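Residue numbers (the working numbering): 18 to 250.
Think of the CB as a built atom: it goes at the ideal place given N, C-alpha and C, for glycine as much as any other residue.
These numbers come from a predicted model, not from an experiment.
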């Protein structure tokens, strides 16, 4: 009895071609899905980034403001907020200076160093917007300071940063504690605008703005009427 020849267990050419075609189609679908996901994630990061930066800056300023001491004695006339005109700025502009300490450390009945802070906006060469600079001096009481003031960047791509000061009746564009009987404003309103560049087709070169604001009360503030009633010097 003759035995039948064994059939090959391999794939035919048509089966291989069909398998490659299906793999190609699957890879195309997967690539399209992943590209859409990555594009959505990138767009989300662009939207979230300015919000995170604004929140970080506002938190730092709020912490500073809560630690500002009453402008008496050594700190007389040391809270100075200047009105800013963005059209008049070429390179840099100081907009606010004050003494402060760590409010949370003091609240725990612990000593915290006093530091003198100056906030300024510095133009970025070749780019739109400003850097927000914070200069900190912790050795200001020494006749021959050993430590130089240090400067750090709080944020870049700042389109606008403005402060208004509440005296109990009105919001003022500037505040000089020496001219307000050595008092602090009851509250400070911070308005921050950040430039968000876009690279979408049809919007090349354009930019969008993200704005955030916050009102911060000053724990050591005392308005003029209360100061006169209390007879504080």
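Query                                                                                                             : Result
C-alpha distance - residue 202 paired with residue 143, whole-angstrom precision                                  : 37 angstroms
Residue 130, buried or exposed, once every other Cβ within 10 Å from all chains shown has been counted against 16 : exposed
The segment 66-84 touching the segment 183-190, judged by at least three CB pairs closer than 8 angstroms         : no
6 angstroms Cβ shell around residue 146 - same chain, five flanking residues per side excluded                    : 174, 175, 176, 212
Residue closest to residue 97, alpha-carbon to alpha-carbon, out of 152, 182, 192, 237                            : 192
Residue interval of the beta strand (DSSP E) (run including residue 148)                                          : 147-154
Local conformation of residue 176 per DSSP, three classes                                                         : strand
Nearest neighbour of residue 133, chosen from 153, 38, 148, 235 [CA to CA]                                        : 153
Residue 218 burial status per 10 Å Cβ neighbour count (16 or more: buried)                                        : With a pLDDT of only 44 at residue 218, under the threshold of 50, the placement of this residue in the model should not be trusted; the figure read from the coordinates follows. Under this definition residue 218 is an exposed residue.
Helix, strand or coil at residue 187 [DSSP, three-state]                                                          : coil
Nearest neighbour of residue 69, chosen from 237, 138, 233, 209 [CA to CA]                                        : 209
Distance, residue 47 Cα to residue 114 Cα                                                                         : 56 angstroms
Residues that DSSP places opposite residue 233 in a beta bridge                                                   : 205
Where the beta strand (DSSP E) containing residue 139 begins and where it ends                                    : 132-140
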